[in-house]
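Asker:
In this note's numbering, the protein residues as written are 7 to 223.
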């Protein structure tokens, strides 16, 4: 097995479809239009899927969803240690500066948990974290400014979230149609599913490992 994933050898770009009518933030990403599915690039390395990840956009910001089924254990979600939890982590670079190895103020790290909030720990949680070793970090986003909802199945979950325009550092789709977009789907039972590279290649530090999403109508 190669130490370097096949995906590391390519610079990917893919269309991100615009939704004039935004999808509902009701936790039912399993009901979203299948055109919003992000490409299964993990197949290039022969990796099995962990779940489906979906995304779309409009002038009001980005909309994200994921669906994870086939789990046999209960969710493990701790917002204080989101990187060890069942969650969707998303990196954005709104200037798509593919030739840099450290984040700028246009780069952000978001995490979306299907549980872990509320008095009983059953409510979904959204937040953002600093990008490690950034040249300059974006202004922190209040957690309550990111709408999120989740639906729990007997064997998994679905979640939906909206990253509003005022939470996205430098959001300007009229002028910047190419953005860096990366996700890591963390699952404490099934393992990780990444859009491109895994932890060993420092995706949480290096924006050059994030593919380009082209905002299309």
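For each residue, glycine too, the CB sits at the ideal point set by N, CA and C.
Buried or exposed for residue 213, going by 16 or more other Cβ atoms inside 10 Å?
Answerer: buried
Asker: Where in the region 22 to 66 do unbroken runs of the beta strand (DSSP E), each at least 3 residues long, occur, reported from the N-terminal end onward?
Answerer: 58 to 64
Asker: Can you name the residues that DSSP bridges to residue 16?
Answerer: Answer is none; residue 16 lacks a bridge partner.
Asker: Count the other CB atoms within 10 Å of the CB of residue 78; is the residue buried (16 or more) or exposed (fewer)?
Answerer: exposed
Asker: For residue 7, collect the residues of the same chain with a Cβ closer than 6 Å to its Cβ; drop the 5 residues on either side in sequence, then sort them by chain order.
Answerer: Low confidence applies to residue 7: its pLDDT is 45, below 50, so where it sits in the model is not reliable, and the reading given next is rough at best. So the list is empty, once near-sequence residues are dropped.
Asker: Between 126, 139, 55, which lies nearest to residue 2 when the distance is taken from Cα to Cα?
Answerer: An answer regarding residue 2 cannot be provided, because it is not within the stretch 7 to 223 covered by the chain.
Asker: How about the region 64 to 80 and the region 155 to 175: do they share at least three Cβ pairs that are nearer than 8 Å?
Answerer: yes
Asker: Roughly how many angstroms separate the alpha carbons of residue 209 and residue 125, rounded to a whole number?
Answerer: 33 Å
Asker: So, residue 72 versus residue 119, is the Cβ gap smaller than 9 Å?
Answerer: no
Asker: Under 8 Å Cβ to Cβ from residue 198, same chain only, skipping five residues before and after it: list those, please.
Answerer: 56, 190, 191, 192, 204, 205
Asker: Specify the secondary structure class of residue 159 as computed by DSSP and reduced to three states.
Answerer: strand
Asker: Taking the straight line between their C-alpha atoms, what separation do you get for residue 13 and residue 92?
Answerer: 24 Å
Asker: Do you know whose CA, among 70, 114, 99, 48, lies nearest residue 145's CA?
Answerer: 114
Asker: Ignore the nearest five residues each way along the sequence and tell me which others in residue 109's own chain have a CB closer than 6 Å to its CB.
Answerer: 137, 140, 213
Asker: Roughly how many angstroms lie between the CA atoms of residue 35 and residue 165, to the nearest whole one?
Answerer: One C-alpha to the other measures close to 6 Å.
Asker: Would you kindly check if the distance between the Cβ of residue 29 and the Cβ of residue 42 is under 9 Å?
Answerer: yes
Asker: Would you mind working out which of 147, 135, 130 sits nearest residue 163, comparing C-alpha positions?
Answerer: Here the closest residue by C-alpha is 130.
Asker: Considering only the alpha carbon of each residue, which of 59, 168, 112 lies closest to residue 101?
Answerer: 112
Asker: Restricting to Cα atoms, I'd like to know which of 50, 51, 21, 60 is closest to residue 183.
Answerer: 21
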